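Residue numbers for the sequence shown follow our numbering, beginning at 370 and rising by one.
Backbone N, C-alpha and C fix where the C-beta goes; we use that ideal spot for every residue, glycine too.
Note that the structure is predicted; figures quoted are calculated from it, not measured.
This report refers to the structure that appears directly beneath it.
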Amino acid sequence: MTIEKLQEVLTGEASFRLKQAIKLVFVDLISDWEDASVFPLVLREKLKQDLSLDIKADLFLSKEQKSGKAIIHLVDGLKVETTLMNHKDGRNTVCISSQIGCPLACKFCATGKMGFTRNLDYSEILIQIIFWARFLKNKNEKISNVVFMGMGEPLLNYDNVFKAIKFINDPDLFNISSRKIAISTIGLINEIKKMVNERIKVDLAISLHAPNDFLRRKIMPYSENYQLEKLLDTSDFYIKKTNRRVMLEYLLIKGVNDSQKEALELSRLLLGRKLYFVNLIKYNETGSFKPSDQKTINNFKNILLRNGINVIERYRFNQDVFGACGQLALKTT
Ligand code: SAH
């Protein structure tokens, strides 16, 4: 289901029909052309035949039924995962995937172990949003935030990601403010520079996970193309041009990157860089590594705080359905 396909099916119809159809799909969130009562019966029948609004998906809700993950079946038979997180304050954050599998091969990540299959098309990115928007509509709720933190590296699928963002942000469509859209990346320098020139300026999150290049390359082999100092200079530039704070994601893995030495090194790296905040993430087990214990996490956090670094700990959702960070590998049990 794409705008192009809608256009194609509606060729020959009055031009306002396309506008109506787009509103029906993206705003009214209909899942059956039967419900397109503004259209004459013949047109409804035609659309029904030529353009299915069905989204085939397996839904796994977390215990409290307000968060969960969905495995969406794409037209070519491949599958992609997306998650919904309902926060205590009522916000609904949707975490979406940009690729099937991931070419980065980070040692700690379940998606990384799957290898890379292909990029998602922008409409396959939007289908994930439509899926959750329909789910929430049934409860009279809405999506409040969208984060590109699912499977894949969004900046390696730059054009589709930014095309999808246009729809997500469009006041006549999903109408989600650019301040409520975030991209998480290993830190592709050229693409971050390119983001500065986008009309829609989204929040940037960088998966740091280590305070020096040596350790970072060990656990995130793809990062060997991006020297940390250069990466931070580029995100300094992003901050300067966009006036946004940048989130640095730091996964705490037992005995790998969680010592006092690393906390001090991270503090030094961020010295004077006021517009960053560190998001400490407890490691979700995916096989090889273990999460740091709470005492180590607290020590790490306190060292950063003592050095004047802004730091928060990430709340974990959806672990019971294998839908937490780094666990997205199309697994359900
Ligand atoms: N490729 C992008 C987008 C993936 S986002 C990126 O690297 O940022 C997924 C986030 O979850 C990243 O910060 C990733 O490093 C983190 N993550 C990966 N495996 C994890 C795990 N097992 N537990 C917790 N977080 C993990």
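Exposed unless 16 or more other CB atoms sit within 10 angstroms - verdict on residue i
i: Thr603; result: buried
i: Gly459; result: exposed
i: Arg548; result: exposed
i: Ala533; result: buried
i: Asn667; result: exposed
i: Leu640; result: exposed
i: Gly519; result: buried
i: Gly481; result: buried
i: Gln696; result: buried
i: Glu522; result: buried
Close-in-space but distant-in-sequence residues of the same chain around residue i (CB under 8 Å, 5 per side omitted)
i: Arg642; result: Leu601 and Asp605
i: Glu403; result: Arg413 and Lys417
Residues that residue i bridges to, as DSSP identifies them
i: Thr554; result: Ile575
i: Asp427; result: Ile440
i: Pro660; result: Ile622
i: Leu673; result: Paired residue(s): none; Leu673 is not in a bridge.
i: Phe517; result: Ile552
i: Arg613; result: Arg613 pairs with nothing; no bridge assigned.
i: Gln468; result: Asn488
i: Ile650; result: Leu620
For residue j and residue i, the rounded distance between their alpha carbons
i: Gly396; j: Gln389; result: Per the sequence shown, residue 396 should be read as Val rather than Gly. Taking the straight line from one Cα to the other gives about 10 Å.
i: Gly556; j: Leu638; result: 16 Å
i: Ile622; j: Gly470; result: 22 Å
i: Glu450; j: Ser492; result: 15 Å
i: Ser421; j: Tyr595; result: 43 Å
i: Ser553; j: Val516; result: 7 Å
i: Ile558; j: Lys599; result: 8 Å
i: Gly677; j: Lys610; result: 24 Å
i: Ser636; j: Ser400; result: 50 Å
i: Leu673; j: Ala579; result: 14 Å
i: Phe385; j: Lys535; result: 21 Å
i: Thr371; j: Asp572; result: 26 Å
Beta-carbon proximity of residue i to residue j, cut-off 8 Å
i: Tyr591; j: Ala474; result: yes
i: Asn653; j: Ile681; result: no
i: Asn566; j: Asn526; result: no
i: Val615; j: Ile575; result: yes
i: Ile537; j: Ile498; result: yes
i: Arg503; j: Leu398; result: yes
i: Ser467; j: Val530; result: yes
i: Asp627; j: Ser657; result: no
i: Thr462; j: Ser513; result: yes
Sequence-distant residues of the same chain with beta carbon closer than 6 Å to residue i, five excluded per side
i: Arg685; result: Ala693
i: His442; result: Lys425 and Lys448
Close-in-space but distant-in-sequence residues of the same chain around residue i (CB under 7 Å, 5 per side omitted)
i: Lys432; result: Asp689
i: Asp582; result: Gln596 and Leu597
i: Val625; result: Ile588 and Phe658
Chain B within 8 Å of residue i, Cβ atoms only
i: Gly481; result: The structure shown contains no chain B, having only a single protein chain.
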